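Numbering-wise (this note's numbering), the sequence shown opens with residue 322 and increments by one.
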Amino acid sequence: MELPSSPSPTDYPGDRRRSSASFYAKPQLHYPHKSSPYDVLVIGSGAAGLTAALSARAHGATRVLLIDKCPPDWAGGNGYFTAGAYRTIHNGLEDLWPLIENNAQKSLSLEPYTMEKFRADIDRVTAGRTDHHLSDALITESLDVLSWLKWIARIPFALGFHRQAYVIEDKWKFWGGLALTVDGGGKGLIGSLLTAARAKGVDLLFDTPATQLVTDEEGGKGVTGILVQMPGGSIEEIRATSVILCAGGFEANPRMRAQYLGPGWDLAYVRGSPYNTGEMLEIAIRDANAKQMGNWSGCHSVAWDANAPTEEGDQEKTNEFTKSGYPLGLMLNSHGNRFVDEGMDLRNYTYAKFGKEILHQPDGIAFQVWDAQTLDWLRPEEYRDETVRKIYADSVEELAQKCGSLGLVDGEQFVRTIEGYNDAVYASQRENPGRHWDPAVKDGLSTQSSSRWLNPPKSNWALPLDQPPFVAVKVTAGITFTFGGLAINPNTAGVLSRVTGKDIPGLYCAGEMVGGLFYENYPGGSGLTAGAVFGRKAGRSAAALALSRKGSIPAPSEGAE
Numbered sequence: 322m323e324l325p326s327s328p329s330p331t332d333y334p335g336d337r338r339r340s341s342a343s344f345y346a347k348p349q350l351h352y353p354h355k356s357s358p359y360d361v362l363v364i365g366s367g368a369a370g371l372t373a374a375l376s377a378r379a380h381g382a383t384r385v386l387l388i389d390k391c392p393p394d395w396a397g398g399n400g401y402f403t404a405g406a407y408r409t410i411h412n413g414l415e416d417l418w419p420l421i422e423n424n425a426q427k428s429l430s431l432e433p434y435t436m437e438k439f440r441a442d443i444d445r446v447t448a449g450r451t452d453h454h455l456s457d458a459l460i461t462e463s464l465d466v467l468s469w470l471k472w473i474a475r476i477p478f479a480l481g482f483h484r485q486a487y488v489i490e491d492k493w494k495f496w497g498g499l500a501l502t503v504d505g506g507g508k509g510l511i512g513s514l515l516t517a518a519r520a521k522g523v524d525l526l527f528d529t530p531a532t533q534l535v536t537d538e539e540g541g542k543g544v545t546g547i548l549v550q551m552p553g554g555s556i557e558e559i560r561a562t563s564v565i566l567c568a569g570g571f572e573a574n575p576r577m578r579a580q581y582l583g584p585g586w587d588l589a590y591v592r593g594s595p596y597n598t599g600e601m602l603e604i605a606i607r608d609a610n611a612k613q614m615g616n617w618s619g620c621h622s623v624a625w626d627a628n629a630p631t632e633e634g635d636q637e638k639t640n641e642f643t644k645s646g647y648p649l650g651l652m653l654n655s656h657g658n659r660f661v662d663e664g665m666d667l668r669n670y671t672y673a674k675f676g677k678e679i680l681h682q683p684d685g686i687a688f689q690v691w692d693a694q695t696l697d698w699l700r701p702e703e704y705r706d707e708t709v710r711k712i713y714a715d716s717v718e719e720l721a722q723k724c725g726s727l728g729l730v731d732g733e734q735f736v737r738t739i740e741g742y743n744d745a746v747y748a749s750q751r752e753n754p755g756r757h758w759d760p761a762v763k764d765g766l767s768t769q770s771s772s773r774w775l776n777p778p779k780s781n782w783a784l785p786l787d788q789p790p791f792v793a794v795k796v797t798a799g800i801t802f803t804f805g806g807l808a809i810n811p812n813t814a815g816v817l818s819r820v821t822g823k824d825i826p827g828l829y830c831a832g833e834m835v836g837g838l839f840y841e842n843y844p845g846g847s848g849l850t851a852g853a854v855f856g857r858k859a860g861r862s863a864a865a866l867a868l869s870r871k872g873s874i875p876a877p878s879e880g881a882e
């Protein structure tokens, strides 16, 4: 079967990297003034927290403080380790063109991504469990919030040619409902947000973990500040009219992972910040009676390089340890068996749940395998030789032997599995001679036919692995973020009380700490967009409360934006 031409690894117009040291510069340590309360205090320096702080300033908050328990050189939370992809509705390139900086002089195909498509995607991958009030806000405000981010923080948005498009018949073809990314990935995103926060007068305080929420039960003002452990070790109170929680989930806490996600999750590799350990979730529940919500036994987890650091992400390589090329080949466990349908859907809708499947395999590892037909289609960002250890062989038998020294227990079964897979592909091709391989759509090339079928099948992109060289990469499970969190008002981002069911005065939440959006899985790129949507809402609501208590405007209602 003749395949489309593969993209040149040097021809990625969206993959330019900013080399300026100042672009990635971390913030200086600023200590807050204690003479009067802050209007807004944000906990967490990730994309959601920085967005919330910028929103508070943009909506009239005079004094805004952002704190984080991490040191300055770990600012950015998990956002720093992302590929910088944002999922958004659009009617085609004309909607995205005002946002993007890489002037695309290429012939390209970009279908509209409507609200109906976004809704269908999030309902499908969460099995309809998503809270529709939250996901409606995410969907309807997705494009508007990106325009706002472009305006307030000069985010260098770009078309994701290197990540979300293939060259099919001399045309860049975008796929999976995701086209927009940030030039420089997570580094570029956090660098822009930090630069904007400093420029707009947000105070930044690092090495400062929060230990308690301060509440005014008698006065009815709700949350009025926090207790923190200052860098010198003293416990001090920082007063604020509003507190916004953006401190991430519990993905970097082995105890909480095992407690909520289940056995074996304490062994998962941490993809991002080692400081997302869940304390603020527990503090909010303990001190403010915050209502819990969402999929506490679920998380975003991916196929991750087995040679990556175990307890934290690499700040230089960031997202490069992700190994999402499995739709182009196969994944086999250490006993030589396949365990997922690698072609069940486009990568954007499966990569966040396949890490869980790998973790539950014997020894918590798997081997991704390709042959010469698709090797050049693997994304250089994830599979370049400087990033990953590749195992090359001239035959499947030799590949099995080499993988045996890296954890493959049953090499004979490994060979039998690939031979059986090839036989099933040949049978399907004979029965369906008109189907053509196309990695940008669900092409229907499968292992299933009237004479042969596999369990699990490979439902799309099923090519035989029969052309040397053969290549394997060893992977494990990398956890990104957890899905359990706090219940919020979708209009105000106010945290809801488990006692009254109403907004807790002075307490807001955005980012990974929000529960109810994602269950078992999520559509790729929707996490950063959700952080932006609810971060902006939280900052706006917190600023309005501060201004109302100063007598400038009426207090925001629970149903108001």
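From the three backbone atoms N, C-alpha and C, an ideal C-beta is built for every residue, glycine too.
This structure is a prediction, so every number in the text was calculated from the model and none was measured.
What are the start and end residues of the alpha helix (DSSP H) that includes residue i?
| i | result |
| --- | --- |
| R440 | M436 to V446 |
| G664 | No alpha helix (DSSP H) holds G664; DSSP gives it neither H nor E. |
| L786 | Where L786 is concerned, there is no enclosing alpha helix (DSSP H), given that its DSSP letter is neither H nor E. |
| I364 | Looking at the DSSP string, I364 is not in any alpha helix (DSSP H); the run it does join, the beta strand (DSSP E), is Y359 to I364. |
| L680 | Y672 to L680 |
Going by DSSP in three states, residue i sits in which element: helix, strand or coil?
| i | result |
| --- | --- |
| R337 | Reliability fails at R337, whose pLDDT of 34 lies under 50, so the model's placement of it is uncertain and the value that follows must be treated cautiously. Three-state result, R337: coil. |
| A346 | With a pLDDT of 41 at A346, under the threshold of 50, the predicted position of this residue should be treated as unreliable, and no value is reported. |
| H621 | strand |
| I686 | coil |
| A377 | helix |
| Q769 | coil |
| V746 | helix |
| I410 | coil |
| T451 | coil |
| S430 | strand |
| N883 | Residue coverage of the chain in this structure runs from 322 to 882, which leaves residue 883 outside it and unanswerable. |
| T631 | coil |
| D394 | helix |
| T291 | Since the first residue shown for the chain is 322 and the last is 882, residue 291 is missing from the structure and cannot be characterised. |
| W691 | strand |
| D626 | strand |
| W698 | helix |
Going along the chain, which residues of its own chain have a beta-carbon closer than 8 Å to the beta-carbon of residue i, five neighbours each way excluded?
| i | result |
| --- | --- |
| G845 | A406, R408, G497, L499, R668, N669, Y670, Y672 and A673 |
| G522 | R378 and V385 |
| V623 | R592, T643, K644, S645, Y672, A673, F675, G676, A798, G799 and T801 |
| N776 | none |
| T529 | I388, D389, K390, V549, Q550, M551 and P552 |
With hydrogens ignored, establish whether the beta-carbon of residue i is closer than 7 Å to any heavy atom of the ligand NAP.
| i | result |
| --- | --- |
| D706 | Inclusion of the ligand NAP in the displayed structure is not the case, the ligand content being empty and no account of it being possible. |
Spatial neighbours of residue i within its chain, please: C-beta separation below 7 Å, excluding the five flanking residues on both sides.
| i | result |
| --- | --- |
| T383 | D360 |
| G872 | none |
| P785 | N743, V746 and Y747 |
| D662 | P777, P778, K779 and S780 |
| D608 | Q533, L534 and T536 |
| S601 | For clarity, residue 601 is Met in the given sequence; the question names Ser instead. Excluding residues within five positions, the ones whose Cβ falls inside 7 Å are I364, A531, L566, A568 and M834. |
Assuming residue i and residue j make a contact with CB atoms under 8 Å, what is their CB distance in whole Å?
| i | j | result |
| --- | --- | --- |
| G806 | V835 | 5 Å |
| R372 | L514 | Checking the displayed sequence, the identity of residue 372 turns out to be Thr instead of Arg. Rounded, the Cβ-Cβ distance is 7 Å, consistent with contact. |
| L420 | L501 | 7 Å |
| I559 | Q550 | With a Cβ gap of about 11 Å, I559 and Q550 do not count as contacting. |
| P789 | S716 | 7 Å |
| T903 | F839 | In the structure as shown, the chain starts at 322 and stops at 882, and residue 903 therefore has no counterpart that could be examined. |
| A573 | T536 | Wrong, their Cβ atoms sit about 27 Å apart, outside the cutoff. |
| V544 | I825 | 6 Å |
| L431 | F495 | 5 Å |
| D787 | D692 | 7 Å |
Considering residue i, what are the terminal residues of the beta strand (DSSP E) in which it resides?
| i | result |
| --- | --- |
| T403 | It is not in any beta strand (DSSP E) - T403 carries neither H nor E in the DSSP assignment. |
| I388 | V385 to I388 |
| L651 | L651 to N654 |
Identify, in the order they occur along the chain, each residue of the same chain with its Cβ nearer than 6 Å to the Cβ of residue i, setting aside the five sequence neighbours on each side.
| i | result |
| --- | --- |
| V690 | G650, L651 and A793 |
**Report entry** Residue ranges of each alpha helix (DSSP H) within the stretch 791-879, 4 or longer
**Finding:** Complete alpha helix (DSSP H) runs here, min 4: 847-870.
Report task. Please specify which runs of the beta strand (DSSP E), each continuous and at least 3 residues long, are wholly inside the stretch 525-611, giving them in chain order. Result -> Counting only runs of at least 3 residues, the stretch 525-611 fully encloses the following beta strand (DSSP E) elements, listed from N- to C-terminal order: 531-537, 543-550 and 556-566.
Query - 4 or more residues per run - each alpha helix (DSSP H) lying fully within the stretch 700-741 - result: Runs found: 701-704 and 717-725.
Query - Ranges of the alpha helix (DSSP H) found wholly within the stretch 464-521, counting only runs of at least 4 - result: For the stretch 464-521, whole alpha helix (DSSP H) runs of length 4 or above, ordered along the chain, are 482-485 and 506-520.
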